[in-house]
DNA sequence: CAGTATCCTGTCCGATACTG
DNA sequence: CAGTATCGGACAGGATACTG
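Residue numbers (my numbering), protein chains in the order written: chain C, 2 to 169; chain P, 2 to 169.
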């Protein structure tokens with residue numbers, strides 16, 4: 002949520018994302034949900050989160066369309082919170098955070114890794130351009146802003162604020 | 002920082018990352034710093050952040066080793082905050098958030114994109130395994146935890162809490 | 001089991017004013 | 001220009017008790 006803060010009204014897609022997952026509990030909840038923990042008590046125990054807080058965060062994630070509240074038992078009424086397609090799509094962000102944490106904040110070595118279950122080989126996560134396969138860390142890649150930055154002409158490098166001081 | 006919260010003491014690399022970049026201001030500051038805005042007033046104007054808050058966040062980012070406070074003028078004393086190698090390495094997370102935001106929270110279309118400056122072509126960011134080039138969204142890839150998850154044997158899928166209820 | 005209700009503390013964060 | 005000092009409000013988040 003973080004709707005009360007100055008995150009609101011920004012155009013930058015990063016800021017837009019942060020409006021929904023800018024609170025760290027939400028990220029940890031999504032991590033668990035994507036790992037298969039979808040029930041209230043699983044999440045609560047696994048995360049060590051206070052129930053009231055969990056309720057609140059789950060509601061926000063459902064509202065944001067990242068989780069779906071689904072009935073899995075009629076009597077008694079029981080719900081589970083499963084990732085939507087949008088929630089699934091958040092996986093890349095999680096993996097990026099995972100790789101970053103492993104590289105820089107894991108003195109005793111990686112505690113969680115991404116593994117190919119067929120080969121058993123540990124993956125080495127990198128962001129690339131899907132079309133060319135080239136890593137986006139290549140300095141040739143830049144962030145470009147402007148109206149409909151999707152067009153291939155008339156784009157402007159983000160080496161200065163978009164509109165003369167305007168916020169992204 | 003977020004050091005006072007229950008983020009502390011977790012082993013999960015995602016949680017570890019969040020300890021340092023879990024606050025959304027930090028992420029936006031890194032975004033700007035990586036885009037070339039390294040001076041206090043650039044950041045302040047560009048972000049619309051209160052000066053005291055900016056000071057605090059910059060200090061945290063420097064302490065976390067993501068930014069380096071560097072003297073660029075002697076008289077008067079002036080500092081700039083440039084991304085360290087570790088800060089550079091955060092780029093993938095930013096790009097993941099950017100792509101996610103563009104895909105799901107940009108009703109009017111992408112406002113910022115990653116572009117190959119040589120070809121002018123807009124990149125399509127995906128997380129892949131560097132070795133094989135395969136997208137990590139492939140269901141064959143799973144998150145694995147355990148002591149030194151880097152080893153290729155004796156790993157356990159994270160389909161249950163690591164140590165019987167223990168937090169990640 | 002899956003929450004709701006309530007209280008309390010810390011601090012995020014904005015606003016404003018001031019300094020070399 | 002690059003910050004520091006201070007104030008106040010809003011809420012994140014923990015703890016605990018209670019309900020069907």
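Note that CB positions come from ideal geometry on N, CA and C, so glycine has one too.
Under the rule that 16 or more other beta-carbon atoms within 10 Å means buried, what is residue i, buried or exposed?
{"i": "residue 167(C)", "result": "Interpretation of residue 167(C) is limited by its pLDDT of 49, a score under 50 that renders its predicted location unreliable; no figure is taken from the coordinates."}
{"i": "residue 119(P)", "result": "exposed"}
{"i": "residue 1(P)", "result": "Because chain P is modelled from 2 through 169, residue 1(P) falls outside the range shown and cannot be assessed."}
{"i": "residue 78(C)", "result": "exposed"}
{"i": "residue 130(C)", "result": "buried"}
{"i": "residue 88(C)", "result": "buried"}
{"i": "residue 84(C)", "result": "buried"}
{"i": "residue 76(C)", "result": "exposed"}
{"i": "residue 30(P)", "result": "buried"}
Within 8 Å (strictly less), CB to CB, does residue i reach chain C?
{"i": "residue 170(P)", "result": "A query on residue 170(P) cannot be resolved here, the shown segment of chain P reaching from 2 to 169 and no further."}
{"i": "residue 103(P)", "result": "yes"}
{"i": "residue 96(P)", "result": "yes"}
{"i": "residue 132(P)", "result": "yes"}
{"i": "residue 34(P)", "result": "no"}
{"i": "residue 155(P)", "result": "With a pLDDT of only 42 at residue 155(P), under the threshold of 50, the placement of this residue in the model should not be trusted, and no figure is reported."}
{"i": "residue 53(P)", "result": "no"}
{"i": "residue 93(P)", "result": "yes"}
{"i": "residue 76(P)", "result": "no"}
{"i": "residue 106(P)", "result": "yes"}
{"i": "residue 58(P)", "result": "no"}
Please state if the CB of residue j and the CB of residue i are separated by a distance shorter than 8 Å.
{"i": "residue 146(P)", "j": "residue 112(C)", "result": "yes"}
{"i": "residue 91(C)", "j": "residue 101(P)", "result": "yes"}
{"i": "residue 62(P)", "j": "residue 55(P)", "result": "no"}
{"i": "residue 41(C)", "j": "residue 116(P)", "result": "no"}
{"i": "residue 97(P)", "j": "residue 97(C)", "result": "yes"}
{"i": "residue 169(C)", "j": "residue 23(P)", "result": "no"}
{"i": "residue 71(C)", "j": "residue 64(C)", "result": "no"}
{"i": "residue 134(P)", "j": "residue 134(C)", "result": "yes"}
Just tell me which of the options has its CA closest to the CA of residue i.
{"i": "residue 127(C)", "options": "104(C), 55(C), 35(C) and 14(C)", "result": "104(C)"}
{"i": "residue 86(C)", "options": "141(C), 123(C), 14(C) and 66(C)", "result": "66(C)"}
{"i": "residue 106(C)", "options": "125(P), 40(P) and 13(P)", "result": "13(P)"}
{"i": "residue 8(C)", "options": "27(P), 11(P) and 16(P)", "result": "27(P)"}
{"i": "residue 6(C)", "options": "20(P), 43(P) and 48(P)", "result": "48(P)"}
{"i": "residue 140(P)", "options": "35(C), 29(C) and 20(C)", "result": "35(C)"}
{"i": "residue 124(C)", "options": "122(P), 76(P), 20(P) and 136(P)", "result": "136(P)"}
{"i": "residue 33(C)", "options": "122(P), 80(P), 70(P) and 15(P)", "result": "15(P)"}
{"i": "residue 21(P)", "options": "46(P), 134(P) and 57(P)", "result": "57(P)"}
{"i": "residue 95(C)", "options": "114(P), 108(P), 53(P) and 144(P)", "result": "144(P)"}
Say whether chain P places a C-beta atom closer than 8 Å to the C-beta of residue i.
{"i": "residue 143(C)", "result": "yes"}
{"i": "residue 71(C)", "result": "no"}
{"i": "residue 84(C)", "result": "no"}
{"i": "residue 12(C)", "result": "yes"}
{"i": "residue 41(C)", "result": "no"}
{"i": "residue 30(C)", "result": "no"}
{"i": "residue 137(C)", "result": "yes"}
Near-chain P residues of the stretch 109 to 130 of chain C - C-beta to any C-beta below 7 Å: Of all residues in the stretch 109 to 130 of chain C, only 110, 111, 112, 113, 114, 115, 116, 117, 118, 119, 121, 122, 123, 124, 125, 126, 127, 128, 129 and 130 come within less than 7 Å of chain P when Cβ atoms are compared, listed by chain position.
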